[in-house]
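To start, the structure itself, in structure tokens.
Protein chains: 2
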Amino acid sequence: MSDSPRCLLDRLSLNQETVRQWSLPELADGCARAGVRGVGLWRAPVQEYGAAAAARLVRDAGLRVTSLCRGGFLTAPDPGRRAAALDDNRAAVDEAAALGTDTLVLVSGGLPPGSRDLSGARERVADALGELGPYAAQRGVRLALEPLHPMYAADRCVVSTLAQALDLAERFPAGQVGVVVDTYHLWWDDTVGTQIARAGGTGDGAASRIAAFQLADWVTPLPEGALLGRGQLGDGAVDLRWFRERVDAAGYRGPIEVEIFNPALWARDGTDVLAEIVDRFRTHVG
Amino acid sequence: MSDSPRCLLDRLSLNQETVRQWSLPELADGCARAGVRGVGLWRAPVQEYGAAAAARLVRDAGLRVTSLCRGGFLTAPDPGRRAAALDDNRAAVDEAAALGTDTLVLVSGGLPPGSRDLSGARERVADALGELGPYAAQRGVRLALEPLHPMYAADRCVVSTLAQALDLAERFPAGQVGVVVDTYHLWWDDTVGTQIARAGGTGDGAASRIAAFQLADWVTPLPEGALLGRGQLGDGAVDLRWFRERVDAAGYRGPIEVEIFNPALWARDGTDVLAEIVDRFRTHVG
Numbered sequence: 001m002s003d004s005p006r007c008l009l010d011r012l013s014l015n016q017e018t019v020r021q022w023s024l025p026e027l028a029d030g031c032a033r034a035g036v037r038g039v040g041l042w043r044a045p046v047q048e049y050g051a052a053a054a055a056r057l058v059r060d061a062g063l064r065v066t067s068l069c070r071g072g073f074l075t076a077p078d079p080g081r082r083a084a085a086l087d088d089n090r091a092a093v094d095e096a097a098a099l100g101t102d103t104l105v106l107v108s109g110g111l112p113p114g115s116r117d118l119s120g121a122r123e124r125v126a127d128a129l130g131e132l133g134p135y136a137a138q139r140g141v142r143l144a145l146e147p148l149h150p151m152y153a154a155d156r157c158v159v160s161t162l163a164q165a166l167d168l169a170e171r172f173p174a175g176q177v178g179v180v181v182d183t184y185h186l187w188w189d190d191t192v193g194t195q196i197a198r199a200g201g202t203g204d205g206a207a208s209r210i211a212a213f214q215l216a217d218w219v220t221p222l223p224e225g226a227l228l229g230r231g232q233l234g235d236g237a238v239d240l241r242w243f244r245e246r247v248d249a250a251g252y253r254g255p256i257e258v259e260i261f262n263p264a265l266w267a268r269d270g271t272d273v274l275a276e277i278v279d280r281f282r283t284h285v286g
Numbered sequence: 001m002s003d004s005p006r007c008l009l010d011r012l013s014l015n016q017e018t019v020r021q022w023s024l025p026e027l028a029d030g031c032a033r034a035g036v037r038g039v040g041l042w043r044a045p046v047q048e049y050g051a052a053a054a055a056r057l058v059r060d061a062g063l064r065v066t067s068l069c070r071g072g073f074l075t076a077p078d079p080g081r082r083a084a085a086l087d088d089n090r091a092a093v094d095e096a097a098a099l100g101t102d103t104l105v106l107v108s109g110g111l112p113p114g115s116r117d118l119s120g121a122r123e124r125v126a127d128a129l130g131e132l133g134p135y136a137a138q139r140g141v142r143l144a145l146e147p148l149h150p151m152y153a154a155d156r157c158v159v160s161t162l163a164q165a166l167d168l169a170e171r172f173p174a175g176q177v178g179v180v181v182d183t184y185h186l187w188w189d190d191t192v193g194t195q196i197a198r199a200g201g202t203g204d205g206a207a208s209r210i211a212a213f214q215l216a217d218w219v220t221p222l223p224e225g226a227l228l229g230r231g232q233l234g235d236g237a238v239d240l241r242w243f244r245e246r247v248d249a250a251g252y253r254g255p256i257e258v259e260i261f262n263p264a265l266w267a268r269d270g271t272d273v274l275a276e277i278v279d280r281f282r283t284h285v286g
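Protein chains in written order, with full-length UniProt numbering: chain C, 1 to 286; chain R, 1 to 286.
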């Protein structure tokens, strides 16, 4: 069963960091005007505005919050740092619940300073998921573990492939821990189609691990630090439609969130950027 | 059976690009003085010096050429470009033979401009290996297919993991096509230990696919373009000794080549850089 073009567009969500130049009210207003029905939010601007006020603002604009970015950073071995990280993640769960989203994106964290022990760091992520999962589920929030591109393995995220993320998630109930499928991080991997099917589970949605589906394109050259070089949809190397079809085939019917970190987009008028995203989404995803 | 420290140091080879500030005569002299017995060479400086003269220079210094970098760039679909790439790779094989090395490193090439078809590009690499393998083997040279870090998948190398490289190499006789195990490109992958064992074959060396073993460390932040940010041994996130032990356990007894692209090393005195490499090699690899 494939969605009609209109139906697919109903699933489009705009991640706030894509139009960082917009305040929260501008974001709500801009999305409502463009007919975009979902937004992905980030903790810092939500905290600044107030979670309850942000929830009201978005709801009054007729939008839903599709995800909150982000918790995570769970690899510190030091007990004090670890306890602080868990506390912070419980606060993130509370914020997600206040915003009415069921999805908290987690970026696992990189290697602790001086460490070379990737598998040890991954085990600490698993331990933390075990601690946080029940707390989140009780509040109607699912932890969405996001594999990041391997170029971030040292300093940001020791979970680098969808297979790894699923290996971790599957230790816990599907209602507690899911995964993020983000084209920017996963496009290069020749096993990703197989892993998306695995993430879909039985395909009826009940046991699916796909908690979020995010889009950005891959463009080169990478900027210094490799963080802010994501491409507008259609500008790069990623076969976005192929990904959407694989995620569809795995039974996913949730939001499709556009998350592009790119200073060139931030320098432009937000309304123009969003209009371009809607246009590119129709052409390259629908 | 593990090598003694001295024996391991006998296997150390210095890739020329690590000390780009050195001319070929300086490289030969510097390695001989430092007791380093192998060098990895690059085509451009060898062509400039003359392959026969370079071979003589290196031999007279008591060194062996452990690899020639590099052929490859075999993903163009256009027949004219493809023929030119194959011709250029045959020339690279001839240069490797003239230098007396049995190892030609191949970087497969990225996506053609405007293409998003990774699997098509990978198939063209396989076709090219089939064409070049017999030509190389007749000249005593093995093609060493190098998986590069996934951050290069779009613009440089569509072969991103050791598993992918082995999937391609295993279509051809082990004497024609092997793989490169380079710590910088592979360190993040939780399947790499399994894949190194697979590459070792029966462990007696006869069917091994490990054609080269190269070392560099992973340091952050990545520089713009992500090409010249490799770290000195011991400065980064890679467990180099773990890799060396895995490669040992897979039966590999060949050269261990240090290949670091880093302008900070190029700005220093080459002799100091090489002394530091030997020291770091003892500490972090041996």
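Virtual Cβ for every residue (Gly too), placed ideally from N, Cα, C.
Measuring only between beta-carbons, confirm whether residue i sits less than 8 angstroms from chain R.
i	result
Thr75 (chain C)	no
Leu148 (chain C)	no
Leu8 (chain C)	no
Met1 (chain C)	At Met1 (chain C) the pLDDT is 42, less than 50, meaning the model places this residue with poor confidence; the figure from the coordinates comes in the next sentence. Chain R contact via Cβ: absent.
Trp218 (chain C)	yes
Ala250 (chain C)	no
Ser119 (chain C)	yes
Arg253 (chain C)	no
Arg116 (chain C)	yes
Leu111 (chain C)	yes
May I ask which residues mark the beginning and end of the beta strand (DSSP E) holding residue i?
i	result
Thr66 (chain C)	64-72
Ile260 (chain R)	That residue, Ile260 (chain R), is in no beta strand (DSSP E); it is neither H nor E in DSSP.
Asp182 (chain C)	177-182
Arg90 (chain R)	Per DSSP, Arg90 (chain R) belongs to no beta strand (DSSP E); it is in the alpha helix (DSSP H), 79-99.
Gly38 (chain C)	38-42
Trp211 (chain C)	At residue 211 (chain C) the sequence reads Ala, which differs from the Trp that was named. Here the beta strand (DSSP E) through Ala211 (chain C) covers 210-215.
Compute the Euclidean distance between the alpha carbons of residue i and residue j, then round it to the nearest angstrom.
i	j	result
Gly100 (chain C)	Pro150 (chain C)	32 angstroms
Arg11 (chain R)	Ile277 (chain R)	13 angstroms
Gly50 (chain C)	Arg209 (chain R)	58 angstroms
Pro152 (chain C)	Val158 (chain C)	The amino acid at residue 152 (chain C) is misidentified as Pro; the sequence shows Tyr. About 7 angstroms.
Ala97 (chain R)	Gln176 (chain R)	14 angstroms
Ala199 (chain R)	Gln164 (chain C)	22 angstroms
Leu57 (chain R)	Pro25 (chain R)	7 angstroms
Ile260 (chain R)	Ala34 (chain R)	18 angstroms
Ala216 (chain R)	Leu228 (chain R)	11 angstroms
Cys69 (chain C)	Ala61 (chain C)	20 angstroms
Ser2 (chain R)	Asp248 (chain R)	Because Ser2 (chain R) sits at a pLDDT of 47, beneath the cut-off of 50, its placement in the model cannot be relied upon, and the following sentence gives the value as read from the coordinates. About 8 angstroms.
Leu86 (chain C)	Ala128 (chain C)	7 angstroms
Arg37 (chain R)	Pro77 (chain R)	41 angstroms
Thr220 (chain C)	Ala55 (chain C)	37 angstroms
Identify the contact partners of residue i in chain D, using a Cβ-Cβ distance below 8 angstroms as the criterion.
i	result
Pro223 (chain C)	Any reference to chain D falls outside this structure, whose protein chains are C and R.
Does residue i have its Cβ less than 8 angstroms from a Cβ in chain C?
i	result
Ala165 (chain R)	no
Trp42 (chain R)	no
Val238 (chain R)	yes
Arg70 (chain R)	no
Ala197 (chain R)	no
Asp155 (chain R)	yes
Ser160 (chain R)	yes
Asp190 (chain R)	yes
Arg230 (chain R)	no
Quick check on residue i: buried or exposed, where buried means 16 or more other Cβ atoms within 10 Å of its Cβ?
i	result
Arg156 (chain R)	buried
Ala169 (chain R)	buried
Arg171 (chain R)	exposed
Pro147 (chain R)	buried
Gln47 (chain C)	exposed
Arg280 (chain R)	buried
Pro134 (chain R)	exposed
Ser237 (chain C)	Here residue 237 (chain C) is Ala; the residue named in the question, Ser, does not match the sequence. Label assigned to Ala237 (chain C): buried.
Glu131 (chain R)	exposed
Ser108 (chain R)	buried
Asp269 (chain C)	exposed
Arg253 (chain R)	exposed
Arg116 (chain R)	buried
Asp272 (chain C)	exposed
From what residue to what residue does the alpha helix (DSSP H) around residue i run?
i	result
Asp13 (chain R)	Per the sequence presented here, residue 13 (chain R) reads as Ser, with Asp not at that position. Careful: Ser13 (chain R) lies outside any alpha helix (DSSP H), inside the beta strand (DSSP E) at 12-15.
residue 362 (chain R)	Nothing can be reported for residue 362 (chain R), as the shown portion of chain R is limited to 1 through 286.
Gln195 (chain C)	192-200
Contained beta strand (DSSP E) runs [length at least 3] in the segment 122-184 of chain R, N- to C-terminal order:
Counting only runs of 3 or more residues that sit fully inside the segment 122-184 of chain R, the beta strand (DSSP E) segments are 142-145, 177-182, in chain order.
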